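Using my numbering, you'd call the opening residue of the sequence shown number 1 and step up by one each time.
Report on one structure; see the data block that follows.
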Amino acid sequence: MSNIKLFESKQIRTVWNEDDQKWYFVVEDIVLILTESNDPKQYIKRMRKRDVELAKGWVQIVPPLWVETVGGKQKMGCANAKSLLRIIQSIPSPKAEPFKLWLAQVGSDRLDEIENPAIVYA
């Protein structure tokens, strides 16, 4: 099953993974949108060189999955939401910053909840 999500009117290809019952997003699509790179594949290669820890776990967090493309089904690197947030942390782009700030806020809220379980966020 494939689906397309929109972000700022740009398409992000998605795939439902039956193995773990989660949606996966095509990493190249995300990188293209957040960096406006002319060559997202090269950008990903450079990003992996910059972030050694990300590169070490790349195969685990970005499995190749079958994705519907204009030319037919192709295997493409895809990431679930958790992995996608990790990848976005490595993108030095103004468009990635809102995601990073949101992630920092969610993390801070969660730490506050652990420290004081009576806290409830709306």
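Where is the CB? At the ideal position from N, CA and C, for every residue including glycine.
Bear in mind that the values here come from a model prediction, so they are computed numbers and not experimental data.
Secondary structure of Pro-98, DSSP reduced to three states: Looking at Pro-98 - three-state DSSP - the assignment turns out to be helix.
Between the CA atoms of Arg-110 and Gln-74 - distance to the nearest angstrom: When rounded, the distance between both Cα atoms is 38 Å.
Segment limits, beta strand (DSSP E) that includes Gln-74: Where Gln-74 is concerned, the enclosing beta strand (DSSP E) stretches over 72-79.
Exposure label - Leu-65; buried when at least 16 CB within 10 Å: A residue is called buried when at least 16 other Cβ atoms come within 10 angstroms of its Cβ; Leu-65 meets this threshold and is buried.
Own chain residues within Cβ distance below 6 Å of Asp-51, not counting five before or after: Only Ser-90 meet the Cβ criterion.
Which residues DSSP lists as bridging Leu-65, in chain order: Note: Leu-65 sits in a beta bridge opposite Met-76.
Straight-line gap, Ile-61 to Trp-23 (C-alpha atoms, nearest Å): Each residue's alpha carbon lies about 13 Å from the other.
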